[in-house]
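What follows is one structure encoded as structure tokens, with my remarks underneath.
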Amino acid sequence: MARVFPEGRLVYGMQLPVQSQSTIYAEPWEASADAADLAEIARAADRSGFAYLATCDHVAIPRRLAGAMSTVWYDPVATLSFLAGVTEHVRLLSHVAILGLRHPLISAKQYATLDHLSGGRLILGVGAGHVQEEFEALGVDFARRGAVLDETLDALRAALGPEEYPEFEGGRFSFKDLGQLPRPAQERIPVWVGGSSPAAVRRAAVRGDGWLPQGDPRDRLPAQIARIAQLRAEAGVTGPFEVGAITEALYVGEPGWDTGRRTLTGKAEALAESLREYGALGVDQIQVRFRSRDRAELVDQITAFGAEVAPHLND
Numbered sequence: 012m013a014r015v016f017p018e019g020r021l022v023y024g025m026q027l028p029v030q031s032q033s034t035i036y037a038e039p040w041e042a043s044a045d046a047a048d049l050a051e052i053a054r055a056a057d058r059s060g061f062a063y064l065a066t067c068d069h070v071a072i073p074r075r076l077a078g079a080m081s082t083v084w085y086d087p088v089a090t091l092s093f094l095a096g097v098t099e100h101v102r103l104l105s106h107v108a109i110l111g112l113r114h115p116l117i118s119a120k121q122y123a124t125l126d127h128l129s130g131g132r133l134i135l136g137v138g139a140g141h142v143q144e145e146f147e148a149l150g151v152d153f154a155r156r157g158a159v160l161d162e163t164l165d166a167l168r169a170a171l172g173p174e175e176y177p178e179f180e181g182g183r184f185s186f187k188d189l190g191q192l193p194r195p196a197q198e199r200i201p202v203w204v205g206g207s208s209p210a211a212v213r214r215a216a217v218r219g220d221g222w223l224p225q226g227d228p229r230d231r232l233p234a235q236i237a238r239i240a241q242l243r244a245e246a247g248v249t250g251p252f253e254v255g256a257i258t259e260a261l262y263v264g265e266p267g268w269d270t271g272r273r274t275l276t277g278k279a280e281a282l283a284e285s286l287r288e289y290g291a292l293g294v295d296q297i298q299v300r301f302r303s304r305d306r307a308e309l310v311d312q313i314t315a316f317g318a319e320v321a322p323h324l325n326d
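Mapped onto our numbering, the consecutive letters of the sequence shown carry residue numbers 12 to 326.
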């Protein structure tokens, strides 16, 4: 498996706004945003050298969680396919697809088609999921979701491979003599595993090509990265592995409005100096997020980051 991005260089991507609107991170203006806003933001990121655009995955949100999570969660395959048509270079990341909610042949059909149509730009980010009612409504055992995801990943390695008639035999899923075209454009789809629990970290180390931490602050990353290296060594897993991190919220320049006490603000060189610390910790790619009051301000922030901050990330 080749690396997605060059070794030794810190690259940057972003989770798209609008397509998921949890109250933890959504800005007020996103509530009335539409496809044109998504497209303009994606094009700005594509022009500004972003490594990937990411979208989330939930099928249905129960009422008890809707206040915090909202019910706005665009389908990742549909959204990434739309983005593929309005961008040229940026990679397309599911962050993260809850694969256990779907049969692996359904996921293989969707993501193989997406990779084929996008010219090989898919990164498959996966996670176990956390909303019990979602699993129950779809007839999936919530308590066994980790084991279901593990087998689903093994099945997808076969189903997303080069064979027109893939074969797999497992405890839950088995298939052979069932053809699926088109095949992915990539010889092997990169799989990045999301989550920061011990089980998720082990899954990333043993089954993944990369790790997408969920909310680990900087001071927790070194221990997690060391644990992944240990687990890979113990399992005899070799080959490239790409470590991610989600940065603090950013604002390039002096905002002139309250962006929150945890937001990193200031001149481009100072922001780059702070973000370079991630590379020193062993991180390969950072997922950045910008505070903004409307689409125009977000596009300006994306553009400023690409032009002014990014050139200093690898100084």
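For each residue, glycine too, the CB sits at the ideal point set by N, CA and C.
- Contact annotation: L223 and G205 have beta-carbon atoms nearer than 7 angstroms.
- Inclusion of L112 and S118 in the CB contact set at 7 angstroms is not warranted, their separation being larger than that value.
- The three-state secondary structure of E288, taken from DSSP, is helix.
- Taken through DSSP and simplified to helix, strand or coil, E147 comes out as helix.
- The three-state secondary structure of T270, taken from DSSP, is coil.
- For the pair L135 and I200, the CB atoms are nearer than the 7 angstroms cut-off.
- If you ignore the 5 residues before and after L49, its C-beta comes within less than 7 angstroms of the C-beta of L27, V29 and Q30, all in its own chain and listed in chain order.
- By the criterion of at least three beta-carbon pairs nearer than 8 angstroms, the region 177-184 is not in contact with the region 93-102.
- Under the three-state reduction of DSSP output, T34 falls in the coil class, being neither helix nor strand.
- Straight through space, the alpha carbons of F61 and V22 are spaced by roughly 8 angstroms.
- If only complete runs of 4 or more residues are kept, the region 42-108 shows the alpha helix (DSSP H) at 46-58, 74-80 and 87-97, in order along the chain.
- According to the DSSP secondary-structure assignment, Q298 is paired through a beta bridge with G24 and I257.
- D269 and L275 have their C-alpha atoms roughly 12 angstroms apart.
- Between E38 and S303, the CB-CB gap stays under 7 angstroms.
- Here the C-alpha atom of A123 lies approximately 9 angstroms from the C-alpha atom of Q191.
- One thing to note: A166 has its Cβ no nearer than 7 angstroms to the Cβ of F153.
- Spanning the alpha carbons of A108 and P115 requires a straight line of approximately 12 angstroms.
- L223 has G205 as its beta-bridge partners, per DSSP.
- Between the C-alpha atoms of P251 and D295 there is a straight-line separation of about 11 angstroms.
- L167: member of the alpha helix (DSSP H) spanning R156 to A170, first to last residue.
- Straight across, the Cα-Cα distance linking A237 with A256 is about 14 angstroms.
- Listed in chain order, the non-local C-beta contacts of A47 below 8 angstroms within the same chain number zero, local neighbours out to five positions each way being set aside.
- Boundaries of the alpha helix (DSSP H) harbouring V310: R306 to A315, taken from the DSSP string.
- Restricting attention to A169, D45, G78 and A279, the CA atom closest to the CA of K187 is found in A169.
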